[in-house]
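In what follows, a single structure is set out as structure tokens and then discussed.
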Amino acid sequence: MSPRPRRRPRGGSRLLPITLVLLILLPTSARAAAPDYALLRSLREQGRYEEALARIRAALRIAPGNTDLLLFEGQILTDLKRFEQAASILGKAIRIAPDYADLRLARARALFFAGRREEALTALRPLLEAAAGDPRPWLLAARIHFAAGRLDRAEAALGRLRELAPEDPDTLLTAADIARRRGYLRLASAYYERILEAPGYERLVRRRLAGLEAERRRFRLTLSGSFSEYDDSDREPWREGSVELSWRWDERSWLRGRLDLRRRFGATDVGILLSLERRLAEATTLVLGLGGTPDADFSPHVEGLLGISHRLQRGTGRFGDTVGSARLRLKKYPEGGVGSLELGVTQYFLDGRLWTTAAVVQTRDEAGGRDLGLAARIDGIVRSGWRLFAGTTIERDEVEGGTTLARSVFAGLVVDLDDRLRVFFDLGVTDRKEGGLRRTFGLGLSVAF
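Residue 282 in this note's numbering sits at position 124 of the sequence shown, with consecutive numbering throughout.
Spelled out as structure tokens, the structure:
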């Protein structure tokens, strides 16, 4: 009797095609799971951030724990100014690979750009405490301290940076910026000149040198004039001219003196105003002013100004800085005193190329009455050196011997002909409570030297 043939396992017929399919698919999956880092770097260098981001996220769906991809994603999000999102992604990657130094550096950079400086320094601390000779954490630490106005700490980080990369263009650029902030303009210029020929730095350094040259000009003279005409032909037009000289006393202070010549109501007044503008800290500026008009007919005999502005929030994403301001003005007219308190907020957009200002003005007039005024203004840089502005106000306007409530709209243009010479024009219409629609045309010229 012949032996019984052995029976194949059931399903054996199915294993062969499945095995063949897996053998075909495995190389395909491997190829899909292996991202093309060279392509991602190329897309980033070309500024094609959204395309790079789409490819990164497609690859992450296959390999969600790939820290190199997460690093790329964080860097691209930082390039797109989505700083908070970048910091979150990079924080997730650090939890996967806590010893990956580039992740910590990229997260610290994103936190810095998001305005979270102390958190950025905390994220950098393990890299700064390590014995490794990587200059990048020290460079970022120096820039963070510099941005915060802590120049001593910035210089301390710069000292270590010089040990690690003394001739690196970023080291020299940081040294130049610190010297410039200290007021050592010749030293700063020497540093800038040393990196002028470094690949990729020429445009940046030339802008710095142009700004440095402007800072060397400690004076600015401004001449302006205006002509105002009423719809009522019986009223004499207003004419006004002023001369202002500004002197940059030091890196933080401007002194200004202004002489005004006014012709209104059949009389001429000559007034003077002296003011000091002082930057108290990186984000805070104080303004003090005092002036008046001896033997005034319609202008204030004495006027004083106290103002302060402070950055409320550093810009993030599409929004720029948010700056709050308060101004107290006191004026003594022949008919009595007028006091006003203005509270305003300025919001910047589009990397500082557009900003809006809104303010409320509480006024106590010469008769003891109180008014609540409003002001709004928008400024925009339409092209290099060209700035348009427009706005409206509801506040008190001068009459013979006092003030009255008035509504105004205005618009104008400021043009920088070069880095020394500036011209400006404006048009306005004022409707006063006591009657009389007034149209105003103004122009001016400013020169730095």
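The beta carbon of each residue, even a glycine, is placed where N, CA and C say it ideally should be.
Here residue 471 is bridged, per DSSP, to 480. Linking residue 233 to residue 211 through their CA atoms gives a straight-line distance of about 10 Å. Contact between residue 257 and residue 229 fails: their C-beta atoms lie close to 13 Å from each other, not under 8 Å.
A straight line joining the alpha-carbon of residue 324 with that of residue 342 spans about 20 Å.
Distance from the CA of residue 390 to the CA of residue 595, rounded to the nearest whole angstrom, comes to 8 Å.
Fewer than three Cβ pairs drawn from the segment 472-487 and the segment 197-216 lie within less than 8 Å of each other, which leaves the two stretches out of contact. Secondary-structure assignment with DSSP links residue 495 through a beta bridge to 490. Sixteen is the threshold: since fewer than 16 other Cβ atoms of the shown chains lie within 10 Å of the Cβ of residue 573, the residue is exposed.
Residue 511 sits away from residue 536, with the two beta carbons spaced by 8 Å or more. Counting C-beta pairs with one atom in each stretch, the segment 246-253 and the segment 282-299 have fewer than three that are closer than 8 Å, which means they do not touch. Looking at the DSSP output, residue 600 shares a beta bridge with 384, 584. Annotation: the continuous beta strand (DSSP E) that includes residue 400 extends over 396-408. Counting only unbroken stretches of 4 or more residues, the alpha helix (DSSP H) elements lying wholly within the segment 231-265 are 241-254, in sequence order. For residue 536, the enclosing beta strand (DSSP E) stretches over residues 528-541. Rounded to the nearest whole angstrom, the CA to CA distance from residue 451 to residue 370 is 38 Å. By the neighbour-count definition (other C-beta atoms within 10 Å, threshold 16), residue 405 is an exposed residue. Three or more Cβ pairs drawn from the segment 453-466 and the segment 487-504 lie within less than 8 Å of each other, which places the two stretches in contact. Beyond the five residues adjoining it in sequence on each side, residue 302 comes within less than 7 Å, by CB distance, of 270, 275, 278, 279 in the same chain, given in chain order.
Of the candidates 515, 514, 529, 529 places its Cα closest to the Cα of residue 521.
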